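Throughout, our numbering is defined as the position within the sequence shown, counted from one, plus 1008. Before any comments, here is the structure.
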Amino acid sequence: MKKISFDDLSGKVCVITGGAGVIGVSIVKALASVGTKVAIVDLNEELAQQVAAEIAAETGAVIIGVKANVLEKESLEAAKVVINEKLGTIDLLINGAGGNSPQATTQVEQLDDTNIQNLEASFYGLQMEGFDKVFALNFKGTLLPTMVFTRDMLTNRSGSVINISSMNSYHPLTKIPAYSAAKASVNNFTEWLAVHLAKVGIRVNAVAPGFFITSQNRFLVLDEKTGGYSARGNKIVTNTPMGKFGDPSDLQGAVLYLLSDISSFVTGIVIPVDGGFNAYSGV
Ligand code: NAD
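So, in structure tokens, the structure goes:
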């Protein structure tokens, strides 16, 4: 009987956008552990190269850091030339660049009689500039790298793409309408592209992480003064049946599963990795 393993990922070339971030680093380590060659494509070139060198030294894997902006097609095309030259043709893609911004976040969860005098703190005070940036980073920043980095997969008639979605793609979280709508659009696009590419050997899926404390949400879930959870942080833990925030390493298994041929008949799905948050009604 054939042994089930991630061996098919060994020697393949994977691009991960936003790979120098908190979640990205954890995924790069998982890829390194199964012998995949990795190109970390990130806006922060210095950090991408530093992360690549550190994980390569630790694991012996082949990892490079390449600068590109996921919102600029030309910069992605230039990165592809470098990746092809250094690592070969691209087999796998993870669209990890994304996130929220305080500029696209309301200060209050709901409008009511106590705060209606301060509309600036609500939906009505949102700045379109912040809204546009968050929407573009998460949606266009998934679409454009996919257009560029799946070209080799098309030629090879084989490939796997993973988009990084979020819990708020299923039910919007309060305060962050742009991020919620953008991640919902990522799920929708995942399904659309999975259908579009199903006959040319490219699978497209997504992972929806639950709650992890990272640079992007620290200001929302931790209390600056006490260092403990904010009211929102407490709400998250209370509504996560496992009763805790996740660790970025919790995403590794789902990502390797979707990249590997183990999931060869799986396309167009979004896997929640959330300690049960999405399954829980709160009662
Ligand atoms: P992070 O901020 O730690 O990392 C994001 C990385 O993306 C950074 O290295 C940054 O330099 C890079 N980046 C930003 N803009 C870019 C651009 N225009 N072009 C190229 N690179 C760019 O974020 P993270 O917490 O690791 O999140 C990674 C992904 O996971 C995001 O899509 C995020 O929305 C999603 N996510 C995070 C959480 C969480 O709890 N942290 C939960 C659900 C989903």
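Beta carbons are placed, not taken as given, at the ideal position from N, Cα and C, and that holds for glycine. Computed from a predicted model, the values in this text were never measured in an experiment.
- The beta carbon of D1269 sits closer than 8 Å to those of D1016, all from its chain and outside the five residues before and after it, given in chain order.
- Between S1130 and T1114, the CB-CB gap stays under 7 Å.
- Under the 8 Å Cβ criterion, the region 1220-1230 counts as touching the region 1019-1032, having at least three qualifying pairs.
- Runs of the beta strand (DSSP E) spanning 3 or more residues and lying entirely within the region 1020-1048 occur at 1021-1025, in chain order.
- Cα atoms of I1024 and A1086: separation of roughly 15 Å, rounded to the nearest angstrom.
- Looking at the DSSP output, K1075 shares a beta bridge with D1050.
- Here the region 1132-1142 makes no contact with the region 1191-1206; the two share fewer than three CB pairs at distances below 8 Å.
- Distances from the CA of D1099 to each of L1266, I1279, D1282 and G1290 were compared; the closest alpha carbon is that of L1266.
- Where G1167 is concerned, the enclosing beta strand (DSSP E) starts and stops at G1167 to I1172.
- Between L1152 and P1280, the alpha-carbon positions lie close to 24 Å from each other.
- Taking all protein chains shown into account, K1183 has 16 or more neighbouring C-beta atoms within 10 Å of its C-beta and is therefore buried.
- Taking every protein chain shown into account, the CB of G1261 has fewer than 16 other CB atoms within 10 angstroms, so this residue is exposed.
- Residues of the same chain with a CB within less than 7 Å of the CB of G1241, apart from the 5 flanking positions on each side, are V1229 and L1230 in chain order.
- Ranked by Cα distance from G1283, the first of L1264, A1216 and S1238 is A1216.
- Between R1165 and V1208, the CB-CB gap stays under 7 Å.
- Taking the CA atoms as reference points, A1065 sits about 25 Å from V1089.
- Contact annotation: A1214 and N1171 have beta-carbon atoms nearer than 7 Å.
- The region 1037-1044 and the region 1075-1086 do not touch, with fewer than 3 CB-CB distances between them shorter than 8 Å.
- Judged by beta-carbon spacing, S1173 lies beyond the 7 Å limit of K1148, meaning their Cβ atoms are not closer than that value.
- Here M1009 has no same chain residue with a Cβ atom under 7 Å from its own Cβ, once five neighbours each way along the sequence are excluded.
- Not one heavy atom of the ligand NAD falls within 6 Å of the beta-carbon of T1182.
- In the three-state reduction of the DSSP assignment, G1138 falls in the helix class.
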